[in-house]
Amino acid sequence: MPLLKRGKGSSKRKDDVRFIGIYGAGGIGKTTIAKAIFNQIFQHFEGCCFLADIRVEASEKHAGIVTLQEELLCETLGSTNIIVDNVNSGVDLIKEKLCSKKVLTIGLGSGMDEKYNVTELNNDESLHLFCWHAFENPVPSRDYEEISKDIVAYIGGVPSALIAMGSSLFGKHKPVWRSTFEKLKAVSS
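Structure representation (structure tokens):
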């Protein structure tokens, strides 16, 4: 991802603010990618915060936004006792406390400078991921090769679905695999 290749000195100005969007279908791995980026670059910032469930928190109207503001301030400033009274005072407090700091915040939003679309895995990548969770090995055992490929082809390249299905079949006998595949096809019809 080009974002990671830029390095810490790539900003045009010291006070440069950048908004990077990661988007794609549910279960495709957006949060996983955002967390991986966060973990690779957070040490280059004076403060950092990873807000994982913004949509859920913000949906609770003003109380949710105030909670997010408190979490942002506490994490970036390394404090545990910051209280925000309302959304407007939270905005003012964030401006006051963070205006002169180099801060990394990861979360959902709009108005992005750059956008990265996360796409489904290809067939080989899908089989590899599925097998790691079904067999603890990147390839299926010979007896399970055909059914593994059938399941992966049917599920597609959505990582969360491949992980869930592979994990649920780990250690199970072949008749259980066949039954699970038939049920999967029946539910999808």
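The sequence shown begins at 1 in this note's numbering and counts up one residue at a time. Cβ atoms here follow ideal geometry from the backbone N, Cα and C, with glycine treated the same way. None of these values were measured; they are calculated from a predicted model.
Proximity of residue i and residue j at Cβ, strictly below 8 Å
i           : j           : result
residue 122 : residue 24  : no
residue 19  : residue 112 : yes
residue 41  : residue 104 : yes
residue 102 : residue 143 : no
residue 148 : residue 130 : yes
residue 71  : residue 64  : no
residue 107 : residue 76  : no
residue 66  : residue 87  : yes
Contacting residues, own chain, Cβ-Cβ under 8 Å from residue i (five flanking each side not counted)
i           : result
residue 179 : none
residue 93  : 69, 73, 82, 84
residue 38  : 48, 50, 104, 106
Residues bridged to residue i [DSSP beta-bridge criterion]
i           : result
residue 116 : 22
residue 105 : 49
Sequence-distant residues of the same chain with beta carbon closer than 6 Å to residue i, five excluded per side
i           : result
residue 151 : 181
residue 21  : 112, 115
residue 140 : 131, 148
residue 95  : none
Spatial neighbours of residue i in its chain, beta-carbon cut-off 7 Å, leaving aside the 5 residues before and after
i           : result
residue 155 : 161, 162, 165
residue 120 : 28, 156, 157, 158
residue 36  : none
For the structure I just gave you, are there three or more beta carbon pairs, one from the stretch 159-167 and one from the stretch 22-34, closer than 8 Å? yes
Quick test of the definition: if touching needs 3 or more C-beta pairs under 8 Å, does the stretch 68-83 touch the stretch 131-141? no
Residue ranges of each alpha helix (DSSP H) run of no fewer than 4 residues wholly in the stretch 127-156, ordered along the chain? 145-155
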